[in-house]
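See below for the structure under consideration.
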Amino acid sequence: MYFISTRGGEKVTGARAIVQGLAKDGGLFVPESFPTVTKEELEKLAEMNYPERAAFILGKYLADELGEEYLKESCEKAYSSFEGKDPVPLVKINGEMYVLELFHGPTCAFKDMALTLLPYLLKKSCELEGIKEDILILAATSGDTGKAALEGFRDVPGTKVAVFYPDEGVAKMQRLQMGIQDGDNVFVAAVKGNFDDCQRAVKKLFASEEFNQELLKKGLRVSSANSINFGRLAPQIAYYFSAYVDLLTAEQIEIGDSIDFVVPTGNFGDILAGWYAKQMGLPIRKLVCASNRNKVLADFFRDGKYDVKRNFYRTMSPSMDILVSSNLERLLFEISGRDAKQTADRMKALAEHKEYNITTKEKAILDEQFFAGFATEDETVEAMYDVFDEFGYAMDTHTGVGLAVYVKYKQSIETEDKKDKTPIVVLSTANPYKFPQDVLYALSGNDVKDSFKGIKRLNLLTAMKPPKCLLDLRYRPLRFKTVVANDLGKMAAEIMKFADGEIIPVPDKK
Ligand SMILES: *Cc1c(COP(=O)(O)O)cnc(C)c1O
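Following my numbering from start to finish, the sequence shown increments by one per residue and tops out at 494.
What follows is the structure, given as structure tokens:
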């Protein structure tokens, strides 16, 4: 299958799209057309285990190049690193409400769903494209992508990973997870700025001829582990299908029935994957886009105007503290009727004037397919508390935002005497133990100063088992302490030093 740029300048194979990450014209790669999944195939999916389901959905886009067998083996290997019997359990909370737990991977956030698999997709794609150079994965992270990319690519031959995160913008556990990272091919630095600064810088470096040439001279080719890479997006489509067929198997729905998904949203990658699933024929009624106090998206869906001229807030759901959601570009491209010029113009307006508008016709498409809302910190805490109090289910702060917006969505479609019975699946994007202090506070009102004390208290409160990978952090010496200015040149210089093999920090003694 071929992939085209949202800005019209390029058409490439799937392998090339994965190797390159971003199109040369600055656009994002999208499939030339959407493959479909039939009812019969849905029934077959229900019989498969998760790795098989994932390989099947990925295969719709990539099997012609990467091969069915290869995809199957890769999915099996990737998801064998997940804890528990089912890598992606669907948990029934009450009535029509379900939670899809996407956090059982090695770094305890949903980014593992794609980043445990991406190294395999990339390896084969490089072979197919005859790439001779090593790959340098460059990632901007709001907290979770960074760690998942580091862990996914750690010591993978022929690759290096460099991660930039906002110095003040990630949670303590996230910072610790990245700071202690081991492996001989990794580099981590904090940037004096927010996530948008990190993402903008990384995208600029991708587009810089000079930067790319300099790395090529060192035998390195840049690629992306952010959801701008189709190889990162594709594995995320699979779990929407998986949740649906789990509901089928549990006889909660009949084939063809529509369901809703609630998605805690930041860079718009996760929810876009859901929209792709819908294009492929999955019966989805509404995709509910949940934002935290940084509610650019909620306003955009309400007004048809994307406007980033506003304050940036730090919240207890840091992985969603984003003002410029990259993947929205893919949706804009689609609702404009695949008008690349229009899409490019809007992205230019965004870069130059910090805003753009969509037409009433486009807005009508969004209204039909999405519900968007946001939750304040208080609303999030209350929603988390209520579900724990009523059903004994503890969730993380990002999922809490999803839940609070779920409540608003329910209110918008129900009245006293008209209840809605459509199943709603809330995507749970992180393990609650990743944000132990905030989760403890939400569930019990208790404040603790120390994350590990938070884990202990949370364990007493919920009786839920803390994941070993987070408990271990306490005893691991810190390795990466670099802080760089929010400056493209300085970031590029750090990357060059890393590319030259100059940065091999030795962990502190502990
Ligand atoms: C990345 C992330 C999100 C947001 O996902 P997007 O694909 O960026 O919209 C939500 N919650 C958690 C825990 C995350 O790590």
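Ideal Cβ placement from N, Cα and C applies to all residues, glycine included.
| Check | Outcome |
| --- | --- |
| Meets three-Cβ-pair contact criterion under 8 Å: the region 374 to 385 and the region 192 to 212 | no |
| Residue 302 in three-state terms, based on DSSP | helix |
| Of the residues 297, 484, 298, 340, the one placed nearest residue 313, counting alpha carbons only | 340 |
| Beta-carbon spacing of residue 128, residue 303 below 8 Å | yes |
| Length of the line joining the Cα atoms of residue 535 and residue -2 | Residue 535 is absent from the structure shown; the chain starts at -15 and stops at 494. |
| Anticipated Cβ contact below 8 Å, residue 439 with residue 461, distance rounded | With a Cβ gap of about 19 Å, residue 439 and residue 461 do not count as contacting. |
| Which of helix, strand or coil DSSP assigns to residue 144 | strand |
| Local conformation of residue 178 per DSSP, three classes | coil |
| Touch test, the region 214 to 222 against the region 97 to 117, Cβ-Cβ under 8 Å, three pairs minimum | yes |
| DSSP three-state assignment for residue 357, whether helix, strand or coil | strand |
| For residue 96, three-class secondary structure by DSSP | helix |
| Meets three-Cβ-pair contact criterion under 8 Å: the region 341 to 349 and the region 272 to 291 | yes |
| Residue 251 beta carbon near ligand 1 (any heavy atom closer than 7 Å) | yes |
| Proximity winner among 364, 342, 112, relative to residue 392 (alpha-carbon distances) | 364 |
| Identity of the residue in 36, 268, 54, 337 nearest residue 355 by Cα | 268 |
| Environment of residue 337 [buried if 16+ CB atoms lie within 10 Å] | exposed |
| Rounded C-alpha distance that separates residue 480 from residue 179 | 21 Å |
| Residues that residue 341 bridges to, as DSSP identifies them | 289 |
| CB of residue 388 within 8 Å of CB of residue 359, strictly | yes |
| DSSP beta-bridge partners of residue 15 | -13 |
| Reduced DSSP category for residue 123 - H, G, I as helix; E, B as strand; rest coil | strand |
| Whole beta strand (DSSP E) elements within the region 392 to 460, 3-residue minimum | 408 to 412 |
| Reduced DSSP category for residue 81 - H, G, I as helix; E, B as strand; rest coil | strand |
| Own chain residues within Cβ distance below 7 Å of residue 108, not counting five before or after | 50, 54 |
| Integer Cβ distance of residue 470 from residue 176, believed to fall under 8 Å | 5 Å |
| CB of residue 245 within 8 Å of CB of residue 272, strictly | yes |
| Assumed close pair residue 232, residue 38 - CB separation to whole angstroms, cut-off 8 Å | Contact doesn't hold; Cβ gap of about 17 Å is too wide. |
| Contact test: residue 382 Cβ vs ligand 1 heavy atom, cutoff 7 Å | yes |
| Rounded straight-line distance, which links the Cα of residue 123 to that of residue 484 | 18 Å |
| Burial state of residue 435, where buried means 16 or more other Cβ atoms lie within 10 Å | buried |
| At least 3 beta-carbon pairs within less than 8 Å: the region 204 to 212 vs the region 19 to 33 | no |
| Residues that DSSP places opposite residue 244 in a beta bridge | 408 |
| Burial state of residue 467 (16 or more Cβ within 10 Å) | exposed |
| Per-residue DSSP class, three states only, for residue 216 | helix |
| Other residues of its chain near residue 42: CB distance less than 6 Å, five sequence neighbours each side excluded | 55, 218 |
| Cα-Cα separation between residue 445 and residue 456, rounded to whole angstroms | 21 Å |
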